[in-house]
Structure formats: structure tokens, C-alpha cells
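For the sequence shown, our numbering begins at 32 and goes up steadily by one.
Backbone N, C-alpha and C define an ideal beta-carbon position, used for all residues, glycine too.
Worksheet: the structure to be examined is printed underneath.
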Amino acid sequence: MDHAAFVYDFLEPILMLGKLAEYDRHILSLLELKENNKVLDLGCGTGVLTRMIGDQLNREAGGVSLGIDAAAKMIRVATRKRGNATCRFEVMAAEDLYFDDSAFDAVVSSLFFHHVPLDLKEKALWQALRILRPSVKLIIADMHVPTTFMGALVSHVSRWFFMQPQIGENISGVLPSLIEKVGFISPAHITTYFGYIAIFATRKPEESRL
Ligand SMILES: C[S@@+](CC[C@H](N)C(=O)[O-])C[C@H]1O[C@@H](n2cnc3c(N)ncnc32)[C@H](O)[C@@H]1O
């Protein structure tokens, strides 16, 4: 999404109908952070949520919020506007993370999974499981089965307009079963924003095969 990097901070609050701050705060609260946590934000875009997470952490205690995104221009904007001691950014594909096993205390992702096809959704989830410590959290907010007429309209129009079958996968409801399939505990569906963006919360099992 390099093409959107310079207008993203302007457009996203409009597309989120003025509820972006509330939505991000909700995701933040679900993470139940401690100041020494290491948190990874998959598909971080320009890093608004990554920075909100970083602001809860303490560098001296080892806390860091790391945003990764496949679009170099997104990472350039994020680093310039939001990078600091507890908030860092790197260009990286979510399906090909080069962090050590069990390196993070939480993984979060907002509005990334509808951008990638099913095989990459699964690979990214598998990578998230690998880099998480046992029994810690994964929070995913993304397009899911619409719950209102407007939600259905927006999701089906975006699927058609952007010609993205991967949006169709999301709105057919693949995310929860895929999250469970890679080895996470069955995710709780916390809430739905705007009738089509669901928030899921889960954990890596204590006894994981990874
Ligand atoms: C709609 S934006 C969401 C940005 C941010 N998380 C938010 O909630 O505002 C989706 C982001 O996913 C990134 N993305 C798409 N495919 C990716 C991949 N395979 N790995 C990592 N990031 C990817 C895009 O570059 C884009 O910045």
C-alpha cells in the first residue's frame, strides 16, 4: 500500500467515521500491557496504534512496540511521525517474520488480514504463533461477516471496487477458524465495529507445538 502512505493519516479517521480513537483505545485495552512488554503490530501502516502501544511501555524496563509493514513508504511515514524510544518500525512481510521464536509478549493487528490471500493469512498467523511466548495474547481486528445492512454494503462494495477476493474470504468468516487451525486457543469475538470490523482476542496455548 505504498501509494496510500502519504494520505493514510488523513483518510483513515474519515473512513472510520470519527471512531478511530475509540477503536484503537479498545484494542489497546484488550492487550492489558505491562511496561516491560514487547509487542508486535502486524501491517502497522503509518503506526498510530503502534505508537499508542509504545506510549504505555518503558524502554528501561525492556518495553518496546514494534510495527512491521510490507510497504516501505508506510514505514517511512510511521518512523518519521511516530518513531521514538519505545516505538520502532521495520519493513517486513507478516508472513515472513525474521524474529526469534517466543520473542514477543503480545501480537496485534488492525485491518491487515483482509489485504492478503488465504495462504498468506495462514502463514502470518502461524508466524504470530511462533514469535509469541506461550499463553500470551493475539488481538486481531479486521473485516468479518457483516452484522448490519450498512456493514454488508460497505464490505461487498469494497470487495467489488478493489477487486480483492481476499476481502471476500474475510467477510465469509474465515478468520476465527484459521486462527484456531494454526494452533491458537479458539478466539473470543469481542465486538463488531460499523457492522463489519470484528475484534478477536485469543492466546497462544501454554502447551503449544511451537
Ligand atoms: C489498511 S492498512 C492498516 C494499517 C493499520 N494497521 C491501521 O489499522 O490503520 C493495511 C496495511 O497492511 C500492509 N500490508 C499488506 N500486506 C502486507 C504483508 N504481507 N505484510 C505486512 N504488511 C502488509 C499494507 O501495506 C498496509 O499498510
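According to DSSP, residues forming a beta bridge with residue i
i    : result
I228 : M174, Y224
V95  : K69
S141 : A172
L135 : Going by the sequence as given, residue 135 is Phe instead of Leu. For F135, which the question treats as bridged, DSSP gives the partners L163.
R234 : K168
Length of the line joining the Cα atoms of residue i and residue j
i    : j    : result
G130 : I99  : Just to set this straight, residue 130 is Phe in the shown sequence, not Gly. Between F130 and I99, the C-alpha separation is close to 11 Å.
A229 : R164 : 24 Å
L128 : G182 : 32 Å
T117 : L71  : 12 Å
K212 : I84  : 28 Å
V95  : R119 : 8 Å
E200 : S208 : 12 Å
T110 : S217 : 34 Å
G49  : W157 : 33 Å
Where residue i sits in the DSSP three-state scheme
i    : result
D150 : helix
N201 : helix
A36  : coil
S217 : coil
R164 : strand
F180 : helix
T117 : coil
D100 : strand
Residue from the options with nearest C-alpha to residue i
i    : options                : result
G204 : L169, S186, S60        : S186
K168 : R107, D136, K112, G85  : D136
M47  : Y227, R111, R234, S133 : Y227
G74  : V38, S166, I106, G214  : I106
A232 : S166, V38, A36         : S166
M174 : W157, T222, A155       : T222
Any non-hydrogen atom of ligand 2 within 8 Å of residue i CB
i    : result
S140 : Ligand 2 is absent from the structure shown, which contains only ligand 1.
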